[in-house]
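Q: Just so you know, the sequences run in chain order A and B.
The opening position of the first sequence corresponds to residue 21 in the numbering used here, with each subsequent residue numbered one higher.
The opening position of the second sequence corresponds to residue 5 in the numbering used here, with each subsequent residue numbered one higher.
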Amino acid sequence: MTTETEPIRERLRPRVVETAEIGRLDLRLPTISEPSLPLRTARGFPSPFAVAMTGLGILVVGVIGIDLVQFVDGAFAHGTGVGILAAAAVAAGAGGALYWLTAELLGLFRLRSAERLRRLIPAALASELKVEIDAAAAIVARDPLLGEAVNSYRVVLEPHHTGRDALELFSRFVLAPADQLAQEAVRRAAAQAFAINAISPTVLLDTLLFAARATRLVREIAEIYGQRPGLTGTVHLLRRLASGAGLVGAVDVVGGVIAQQLGGAVLEHVSASAAESAYAAQKMARLGLVAMASCRPIEFRPGEAPSLPGLVSSLLRQSQKRDQ
Amino acid sequence: MLRSDRLAPLTGLLRDRTVRLAVTGLSGSGKTAFITSLVHNLLSAAGHPARLPFLRAAAERRLRAIRPRAPGTETIAPFPVREAIAALAADPPHWPPSTTDVRRANLSLRFTPAGFLGRAAGGTAELSLEILDYPGEWLLDLPLLGQSYRDWSRATLERARHGARALLARDWLDFLARHPADSAADPEVVQRAHGLYRAFLAACRTREQLSLLQPGRFLNPGQIADLSQLSFCPMPLAIGAGTREGSMAASMESRFEAYKRNVVQPFFTQLARGVDRQIVLVDVLRALNDGEEAFADQRLALETILTAFRFGRRSLLRLLFGARIDRVLFAATKADHVPALQRDHLEALMANLVAVPTLRAQAAHARVAATALASTRCTEDGTEVIDGRKVDVVIGLPEGGERRIRFFPGIVPVTPPPGGFWGERFTEFPVFQPPRIAPAVGDGVPHINLDKALDFLLGDALA
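1) Can you have a look at N110(B) and say buried or exposed, based on whether 16 or more other CB atoms are within 10 angstroms of its CB?
2) Could you tell me which residues DSSP pairs with L136(B) in its beta bridges?
3) Would you check if there are 3 or more beta carbon pairs closer than 8 Å linking the region 59 to 70 of chain B to the region 78 to 96 of chain B?
4) Within 10 Å of its beta-carbon, does P57(B) have 16 or more other beta-carbons around it, so buried, or fewer, so exposed?
5) Does the distance from the C-beta atom of L131(A) to that of H256(A) stay below 7 Å?
6) Since D396(B) is in the beta strand (DSSP E), which residue starts that stretch and which ends it?
7) Determine the extent of the beta strand (DSSP E) in which I241(A) is found, giving its start and end residues.
8) S157(B): buried (16+ other C-beta within 10 angstroms of its C-beta) or exposed?
9) Any beta carbon of chain A sitting closer than 7 Å to that of P57(B)?
10) In the DSSP assignment, find the beta strand (DSSP E) that holds E72(B) and state where it starts and stops.
11) Tell me the residue span of the beta strand (DSSP E) that contains V37(A).
12) Using a Cβ distance threshold of 8 Å, determine whether the region 185 to 195 of chain B contacts the region 278 to 288 of chain B, with at least three qualifying pairs required.
13) Just list the alpha helix (DSSP H) runs in the region 151 to 175 of chain A, keeping only unbroken ones of 4 residues or longer that don't cross its boundaries, in chain order.
14) Please report how far the alpha carbon of I309(B) lies from the alpha carbon of L146(B), in whole angstroms.
15) Report the neighbours of H180(A) on chain B: residues whose CB is nearer than 8 Å to its CB, in chain order.
16) Taking C-beta to C-beta, are R408(B) and I415(B) nearer than 7 Å?
17) Specify the secondary structure class of I409(B) as computed by DSSP and reduced to three states.
18) Chain B beta carbons: is any one of them nearer than 7 Å to that of L47(A)?
19) So, with DSSP's three-state summary, where would you put Q437(B)?
20) For A97(A), is the classification buried or exposed, using 16 other Cβ atoms within 10 angstroms of its Cβ as the cut-off for buried?
21) Excluding sequence positions up to five away, which residues of its chain have a Cβ less than 6 Å from the Cβ of R162(A)?
22) Could you tell me whether the region 286 to 302 of chain B touches the region 335 to 348 of chain B, where touching means 3 or more Cβ pairs closer than 8 Å?
23) Could you give the distance in angstroms between the alpha-carbon of Q437(B) and the alpha-carbon of T431(B)?
24) Return no unless some Cβ of chain A is closer than 7 Å to the Cβ of L1(B).
25) Which ranges would you report for the alpha helix (DSSP H) in the region 192 to 267 of chain B if only whole runs of at least 4 residues count?
26) Report yes if the C-beta distance between A202(A) and M304(A) is below 7 Å; otherwise report no.
27) Do the region 179 to 193 of chain A and the region 206 to 216 of chain A meet, that is, are 3 or more Cβ pairs less than 8 Å apart?
28) Between the region 312 to 331 of chain A and chain B, which residues of the former have CB atoms less than 9 Å from a CB of the latter, in chain order?
29) I want to know whether the region 257 to 271 of chain B touches the region 226 to 236 of chain B - three or more CB-CB distances under 8 Å.
30) Using 7 Å as the limit for Cβ to Cβ distance, is V37(A) near chain B?
31) Have a look at R114(B), I135(B), Y138(B) and P139(B) and flag the residue whose alpha-carbon is nearest the alpha-carbon of G127(B).
32) If you reduce the DSSP assignment to three classes, tell me which class A337(B) lands in.
33) Suppose contacts are defined by Cβ-Cβ distances below 7 Å. Is G253(A) in contact with G82(A) by that definition?
34) When the cut-off is 7 Å and only beta carbons count, does R33(A) lie next to chain B?
35) Please compile the residues from chain B whose C-beta is within a distance smaller than 8 Å of the C-beta of L189(A).
36) Identify the contact partners of N293(B) in chain A, using a Cβ-Cβ distance below 9 Å as the criterion.
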């Protein structure tokens, strides 16, 4: 057997090629344009679970549909006026359900898009990186508070910038303000967790309120990063958070440090009850940080991620200012 | 309010600062274009910071007001900012003329400090930026200050007898052979020897694109009042032998020493005094296209020049006893002549080329970086099929032309290329027409990585 190898091609020498194009280049700063998300690649066969769920969904919709038709039909049997009322009520209900379903699907789609980008960007080739970051910008632009930041990013990004440049600019102009907003949300939630724990009369109520606030925090953070999840999206996010065991572990280490600091410096001066509240606030802050790391369209680079001690100390500073 | 009014002069002392930036580079490396783009982009940055997104102070909109500062009582002429910008704003735009003498651009940058202390003190801070421009050829004279006429003659003659120089130096070397160093000095012979040496230097530059050509004033004399100081050339001197009084060698030596004393030393004093930041501009691409000898010569010239500068960390003690350069940026210019994917190569090649000066600066605790930049971006990226291969090219309008060209610069190596790399010299290296800019401050000048360079050189002073 012989192996054919590609002949070594001669190195290309510098070359000037004349063109028929005339006129100066337009090198003004780019105008803002709305980039579109790249098309999703077609997948193979759907999973058995998806087929089963689709079938069951069709069954449920069919049963409900037939019931509703019979309901409207029965109403018309009682009189035209009653029939029209029943038809209108069914139409309103179906419209509401459709709206909710659409919102849920859109939320889930946004989440999936963001997750896909998080997977793609670290491994993207230099030539692809700008496209992926453009798509990430389109996601974050959905947050009204970050619209201006995304516009600034689009204004400063010029065609000659490399993918690495684009990533740096996106981090500076878009993600840094988004991170600040997210940290604000975490600080608010942590302060409220402190208060909930302090005033809650029973452990059960405390737990329920904490869980509700934590869910709201996760949704808030997801919205800041442009994901706006619905109910399904929130469940998906919570699942993702729960599965991020490694991340939680990493935060636990930081948590241990802050607990030591709190134990040494602060807890001497506060009551046991307040210490419990402080611990609840710390747990909420930790959850917020994990949610930030999870929802951010581009993973934190070394040195970018906010620290738990930093968050808690700024929280303490804020409360001191308020006291003054 | 009253307290902050009283504090203002005190905090001003702490926050206001002057940075002297030396723009260093051999002839044709793009110093004038760099200064023009830097000044125009900074003047535009307060109102329109979008051109400098990597300059943190501009991106954070902390630059409040930037204005040219009127020249003081110093003897250095001001850099012709208005004329240089007018050249880029003309129709058709053209490159500002290169420098023929020492000139200085002064800018005043008023900004909001980013640090906690700066903000707590209230108000704004001011950075005075002084940028020095001068003919690149003159830099080559700086190493002469540490050399005797004998050493310089020996090194120059050694180079003249080898490589591409040998053919060009033939007339001059033949003349020297007919007029030995210990023969009686005849003003006409001295003048003739000097003339032949100057012709040799000019031919080295125009025909072989060589860089290490001393003395620099022989190629660009500037405004020297007494031109007789320039009438000398290297002479072959026997090792250990002294120069006899009244001989050719003695006459040449005295003129060489007068040249060092009256021409080179004042220039060095102007250039090096108080300089605390330095950008070294290098036209690596042109040297790559000019062939192996031109490339090696450029590298040697750079290393020779940089031995004249003092590097070191900024400290109060050093400020008292003579400032040192604490940040050095080596920049490969004309980065717009290579497509985006090859700019990283250009940057890596630049870093490799200046490895020795970098180590010296780092050993003195100065911060050093290398980059690829285009002070004025004249091209955009595109693709072209060449010899059946799809390659990245740059597209631009050549100066004086009407039709755009697509330029493929070859593959830029990341390390100084080995012997097998070099082919025939590429003589069609294009000069692109600069983009036309608005004469008033506004959109700034298109560039590549100028903002990164500024952030490295001035970022801490604007923090």
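The C-beta atom is built at its ideal place from N, Cα and C for all residues, glycine as well.
A: In short, the structure shows the following:
1) buried
2) A26(B) and R108(B)
3) Taking a cut-off of 8 Å on C-beta distances, the region 59 to 70 of chain B does not touch the region 78 to 96 of chain B, as fewer than three cross pairs fall below it.
4) buried
5) yes
6) Residues R393 to G400.
7) Secondary structure note for I241(A): it is in no beta strand (DSSP E), and the uninterrupted alpha helix (DSSP H) holding it is V223 to I244.
8) Answer is buried; the Cβ neighbour count reaches 16.
9) yes
10) Note that residue 72(B) corresponds to Pro in the displayed sequence, not to Glu. First-last of the beta strand (DSSP E) with P72(B): L67 to P72.
11) R35 to I42
12) Here the region 185 to 195 of chain B makes no contact with the region 278 to 288 of chain B; the two share fewer than three CB pairs at distances below 8 Å.
13) none
14) C-alpha separation (whole angstroms): 7 Å.
15) D340, A344, R381, E384, D385 and I452
16) no
17) Note: I409(B) maps to strand in three-state DSSP.
18) yes
19) The answer is coil: DSSP assigns Q437(B) none of H, G, I, E or B.
20) exposed
21) G246
22) yes
23) Each residue's Cα considered, the two are about 18 Å apart.
24) With chain B running from 5 to 467 in the structure shown, residue 1(B) is simply not present.
25) 252 to 263
26) No, they are not a contact pair.
27) no
28) none
29) With a cut-off of 8 Å, the region 226 to 236 of chain B and the region 257 to 271 of chain B count as touching, because enough Cβ pairs lie within range.
30) yes
31) For the residues R114(B), I135(B), Y138(B) and P139(B), the minimum Cα distance to G127(B) belongs to R114(B).
32) Before going further, note that residue 337(B) is Thr rather than Ala in the sequence given. Three-state DSSP puts T337(B) in coil, outside helix and strand.
33) In terms of Cβ geometry, G253(A) and G82(A) do not form a close pair [threshold 7 Å].
34) yes
35) Within 8 Å Cβ-Cβ: P57 and F58.
36) Within chain A, the residues near N293(B) are P34.
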